[in-house]
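Accompanying notes for the structure given below.
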Amino acid sequence: MTATPIRWGILATGGIAAQFTRDLALADGAEVVAVGSRSLDSARAFAAEHGIPRAYGSWQELAADPQVDIVYVATPHSAHHAATMVCLEAGKAVLCEKPFTLDLPTSQQLVDLARARGLFLMEAMWMATNPTIRRVQEVVASGEIGEIRHVQADFGVPGPFPAGHRMRARELGGGALLDLGVYPVTFAHLFLGAPSAIAAVATLLPEGTDESTSMALGYPDGATATLHCGMSADTGGRAVISGTAGRIELARRFHVPAGYLLYHGEEATRVDVPIRGHGMLYEAEEAMRCLRAGLIESPLVPHEQTLAIMATLDAIRAQTGVTY
């Protein structure tokens with residue numbers, strides 16, 4: 056049977072909005088019915104490219120569309136809070152791109168409003184809904200690699216990004232940590248929870264944003280994590296979960312994996328978990344599942360997890376001197 060249709064509005068018209076919209080075409084019961092931008096011309100061009108029936112020249116008009124069930128917010132980081140507020144205040148469910156906002160207080164404000172109004176709200180942390188990551192979580196929970204003692208993850212891209220690029224721009228929430236580091240930090244959280252100790256160092260750009268950040272995290276049970284993000288060198292982009300009885304390795308692009316290696320000593324078993332589309336499909340399917348079930352948050356990306364990760368990012372920025 057065909058799933059109950061969920062009607063989507065797309066807020067913003069950049070590359071990530073386009074990729075998400077293409078993945079939505081693969082989701083059973085998903086209908087993209089409207090797009091909104093602060094530029095009507097941009098909204099109309101996006102609508103024409105993706106076959107979307109309605110285009111709006113403001114966020115408010117999109118949020119007011121009675122035929123939209125949920126809005127996907129795909130603006131730059133600095134506008135996540137304002138755009139999501141517009142949608143929640145209009146009574147719309149929201150899937151908001153990561154990082155949720157620029158800091159914990161504004162993230163908490165969105166969660167509080169959604170809960171007060173009984174509206175679904177989810178951070179679009181697609182990694183947490185990826186089938187491979189979910190399978191790895193099951194393996195770890197089963198005890199197959201024993202007690203987790205260390206997590207390693209890094210995400211570095213080569214750059215260089217020129218002055219004026221959004222990745223460097225302080226006014227847009229630029230820097231490596233929020234754009235790239237959110238993945239290693241989230242990965243560690245998925246397997247170890249919230250850290251009890253944080254040490255971080257960063258190399259800052261003239262704009263005051265971080266070109267690279269390295270982090271060491273400690274946990275109440277004695278486990279540790281070493282994480283890195285940067286936009287000046289092409290790092291391995293891999294992740295490792297090490298336990299007392301084995302380890303799991305995720306290859307390059309660990310944040311959108313299609314399988315993993317399970318080690319017991321030097322013996323490795325490869326497990327392939329093919330993904331559909333670009334990988335953004337799964338966060339959309341999870342949001343739609345929750346809407347159909349009448350939930351206001353996802354058990355895969357719960358509010359408290361989003362807030363705890365934002366608190367960790369805030370603590371790292373406090374140590375490295377990055378402010379917005």
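Per the numbering used here, the very first residue in the sequence shown carries number 56; after that it's consecutive. Idealized CB from N, CA, C, for every residue including glycine.
Q) From VAL326 to VAL311, what distance separates their C-alpha atoms? A) As a position in the sequence shown, residue 326 is number 271, starting the count at 1. As a position in the sequence shown, residue 311 is number 256, starting the count at 1. Roughly 15 Å between the two C-alpha positions.
Q.
According to DSSP, simplified to helix, strand and coil, what is LEU81?
A. Translated into the one-based positions of the sequence shown, residue 81 becomes position 26. Reduced to three states, the DSSP call for LEU81 is coil.
Q. Going by DSSP, what residues sit across from CYS151 in a beta bridge?
A. Locating residue 151 in the sequence shown gives position 96, counting from the first residue. Partner(s): VAL128, GLU178.
Q.
So GLN74 and MET286 are supposed to be a Cβ contact under 8 Å. How far apart are they, rounded?
A. As a working mapping, residue 74 is identified with position 19 in the sequence shown. As a working mapping, residue 286 is identified with position 231 in the sequence shown. That pair is no contact at about 20 Å.
Q.
Taking the alpha carbon of ALA288 as the reference point, which residue from GLU262, ALA82, ALA323, LEU235 has its own alpha carbon closest?
A. Against the sequence shown, residue 288 aligns to sequence position 233. The shortest Cα separation from ALA288 among GLU262, ALA82, ALA323, LEU235 belongs to LEU235.
**Q.** Separation of PRO215 from THR59, as counted between CA atoms
**A.** Here residue 59 refers to the residue found at position 4 of the sequence shown. Here residue 215 refers to the residue found at position 160 of the sequence shown. Their Cα atoms are separated by approximately 46 Å.
Q.
Quick check: the Cα distance between ARG93 and GLU322, rounded to an integer number of angstroms?
A. Looking up residue 93 in the sequence shown gives position 38. Looking up residue 322 in the sequence shown gives position 267. Distance between the alpha carbons of ARG93 and GLU322: 55 Å.
Q: Excluding the 5 residues preceding and the 5 following GLU304 in the sequence, name in chain order all residues of the same chain whose CB lies nearer than 6 Å to its CB.
A: Here residue 304 refers to the residue found at position 249 when the sequence shown is read from its first residue. Same-chain partners within the cutoff: VAL295, LEU316.
Q | Assigned exposure category for GLU144 - 16 Cβ within 10 Å defines buried | A | Start at 1 with the first residue of the sequence shown, and residue 144 comes out as number 89. The residue in question, GLU144, is exposed, as its Cβ has fewer than 16 Cβ neighbours within 10 Å.
Q: Leaving aside the five residues before and after VAL256 along the sequence, list all residues of the same chain whose C-beta is less than 6 Å from its C-beta, in chain order.
A: As a working note, residue 256 is residue 201 in the sequence shown. Excluding positions up to five away in sequence, the list reads SER269.
(Q) Assuming contact is defined by CB atoms lying nearer than 8 Å, are CYS284 and GLY211 in contact in what I supplied? (A) Stepping through the sequence shown from its first residue, residue 284 is reached at position 229. Stepping through the sequence shown from its first residue, residue 211 is reached at position 156. Taking 8 Å as the cut-off, the beta carbon of CYS284 is found closer than this to the beta carbon of GLY211.
(Q) Can you tell me which residues form a DSSP beta bridge with HIS333? (A) Along the sequence shown, one-based indexing puts residue 333 at 278. Beta-bridge pairing links HIS333 to no other residue.
Q. By DSSP, does HIS283 sit in helix, in strand, or in coil?
A. Residue 283 sits at position 228 when you count from the first residue of the sequence shown. In this structure, HIS283 counts as strand in the three-state DSSP scheme.
Q. Considering ALA103, what are the terminal residues of the alpha helix (DSSP H) in which it resides?
A. For the purposes of this step, residue 103 is taken as the residue at position 48 of the sequence shown. Residues 95 to 105.
**Q.** Where the beta strand (DSSP E) through SER197 begins and ends
**A.** Residue 197 sits at position 142 when you count from the first residue of the sequence shown. It is not in any beta strand (DSSP E) - SER197 instead sits in the alpha helix (DSSP H) that spans 186 to 197.
Q. Cα-Cα, which of PRO160, TYR111, ALA137 is closest to GLU152?
A. Stepping through the sequence shown from its first residue, residue 152 is reached at position 97. Looking at the Cα atoms, ALA137 is the closest of the given residues.
(Q) Looking only at its chain, what residues have a beta carbon closer than 7 Å to the beta carbon of ALA363, apart from the 5 residues adjacent to it on each side? (A) The residue you call residue 363 lines up with position 308 of the sequence shown. Contacts found: HIS244, ALA249.
Q. According to DSSP, is HIS244 helix, strand or coil?
A. What you label residue 244 is simply residue 189 of the sequence shown in a count that begins at 1. Correct three-state label for HIS244: helix.
Q) Where do the ends of the alpha helix (DSSP H) carrying GLN225 lie? A) Translated into positions along the sequence shown, residue 225 becomes position 170. The question names Gln, but residue 225 is Arg in the sequence shown. Run containing ARG225: none; DSSP gives neither H nor E here.
(Q) What does the alpha-carbon distance come out to for the pair GLN115 and PRO121? (A) Along the sequence shown, one-based indexing puts residue 115 at 60. Along the sequence shown, one-based indexing puts residue 121 at 66. The alpha-carbon atoms of GLN115 and PRO121 are separated by roughly 12 Å.
Q | For THR264 and ARG225, believed in contact at Cβ under 8 Å, the rounded distance | A | In the sequence shown, counting from the first residue as 1, residue 225 sits at position 170. In the sequence shown, counting from the first residue as 1, residue 264 sits at position 209. With 8 Å as the limit, ARG225 and THR264 qualify as a contact, their Cβ atoms being about 5 Å apart.
Q) Any idea if HIS132 is buried or exposed, counting beta-carbon neighbours within 10 angstroms, 16 or more meaning buried? A) Here residue 132 refers to the residue found at position 77 when the sequence shown is read from its first residue. When all chains shown are included, HIS132 counts as buried.
Q: Taking 8 Å as the cut-off, decide whether the C-beta atoms of VAL328 and GLY314 are in contact.
A: By one-based count along the sequence shown, residue 328 stands at place 273. By one-based count along the sequence shown, residue 314 stands at place 259. Taking the C-beta atoms as reference points, GLY314 is found nearer than 8 Å to VAL328.
Q | Length of the line joining the Cα atoms of THR367 and LEU176 | A | For the purposes of this step, residue 367 is taken as residue 312 along the sequence shown, with counting starting at 1. For the purposes of this step, residue 176 is taken as residue 121 along the sequence shown, with counting starting at 1. So the two alpha carbons sit approximately 20 Å from each other.
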